[in-house]
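**Q**
Residue numbers (the UniProt record's numbering): 1 to 267.
1) Using C-beta distances below 6 Å, list every residue in its chain close to residue 68, excluding the 5 sequence neighbours before and after it, in chain order.
2) Ignoring anything shorter than 4 residues, give me the alpha helix (DSSP H) runs that lie fully in the segment 24 to 73, in order along the chain.
3) Give me the residue from 86, 215 and 198 with the minimum Cα distance to residue 247.
4) Answer with buried or exposed for residue 196, where buried requires no fewer than 16 other C-beta atoms within 10 angstroms of its C-beta.
5) Use the C-beta contact count for residue 173: other C-beta atoms within 10 angstroms, 16 or more gives buried, fewer gives exposed.
6) Report all residues from its chain with a CB closer than 8 Å to the CB of residue 268; omit the five preceding and five following residues, and keep chain order.
7) In angstroms with no decimal places, state the Cα-to-Cα distance between residue 111 and residue 39.
8) Using a Cβ-Cβ cutoff of less than 6 Å, which residues in the same chain neighbour residue 176 once the five nearest sequence positions on both sides are dropped?
9) Would you mind stating whether residue 129 and residue 55 have Cβ atoms separated by less than 7 Å?
10) Under the three-state reduction of DSSP, which class applies to residue 144: helix, strand or coil?
11) Give the DSSP-derived three-state secondary structure of residue 188 in the structure shown.
12) Under DSSP, the alpha helix (DSSP H) around residue 198 begins and ends at which residues?
13) Assuming residue 146 contacts residue 219 under a Cβ cut-off of 8 Å, what Cβ separation, rounded to an integer in Å, is found between them?
14) By Cβ distance below 7 Å, which residues in the same chain neighbour residue 49 in space, the five residues on each side in sequence not counted?
15) Can you have a look at residue 106 and say buried or exposed, based on whether 16 or more other CB atoms are within 10 angstroms of its CB?
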């Protein structure tokens, strides 16, 4: 991959990440509060809908940039192309490695953001200070494993589906898809991936919000899923699925469309 292409992927990914995270932040807050163990109303309801936004604003650009520069570089090193039967596997591997790298930035931002979302009376800085004081750096990385275990299956569904839909649309119309068409493909791929990975998202939220020393704070995803199933059943595992699908469908449209358009402008 040429240095210019790498820089374009980094910048385009960062811009797309900031756009989508800030625009859809209210939906993400609603989803987090629906998934929180204390319930939607006690977590804040519709009050302080932008609680935690500073954490997102700071983390969005480097997080998305890290994902896409990894994704594009890995993809360029592996066999790919619309004619290759290895294309889906290439996109899966590239997306999975992209998520592992991006989560190193995403998880601390996500921990602070989600704690602020369910405690709208506390500032982002206060929650960051409290987490560092009581739990240290490892407190900011609580839920790293569960986040990766959520993001990899999500990406295994979203990115091959996105790339396949773009290839199909390109073949149908006889030329490469425009950025708005890529955005439509991204919306469909994102919404579908969001629906099937919601239980993993609920488990991740419970782990990040758990009190220090509790069973969920240990970060065991299967134990968290089992606890949710026993206490709330299927509805608990799919808590927040509607706002999550709405946010990620819209997010896929904005994120992947903005990424394609920005990257085209930079190359």
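Cβ atoms here follow ideal geometry from the backbone N, Cα and C, with glycine treated the same way.
**A** Here's the rundown:
1) Once the five neighbours on either side are set aside, the close Cβ partners of residue 68 are 9 and 13.
2) If we require 4 residues or more, the alpha helix (DSSP H) runs fully inside the segment 24 to 73 come out as 25 to 35.
3) Among 86, 215 and 198, the Cα nearest to that of residue 247 belongs to 198.
4) By the neighbour-count rule (16 or more Cβ atoms within 10 Å), residue 196 is not buried but exposed.
5) exposed
6) Because the chain in this structure spans residues 1 to 267, residue 268 falls outside the shown range and cannot be described.
7) 18 Å
8) Cβ neighbours of residue 176 beyond the five flanking positions: 170.
9) no
10) helix
11) helix
12) 198 to 209
13) Contact between residue 146 and residue 219 is confirmed by a C-beta separation of about 6 Å, below the 8 Å threshold.
14) 26 and 29
15) buried
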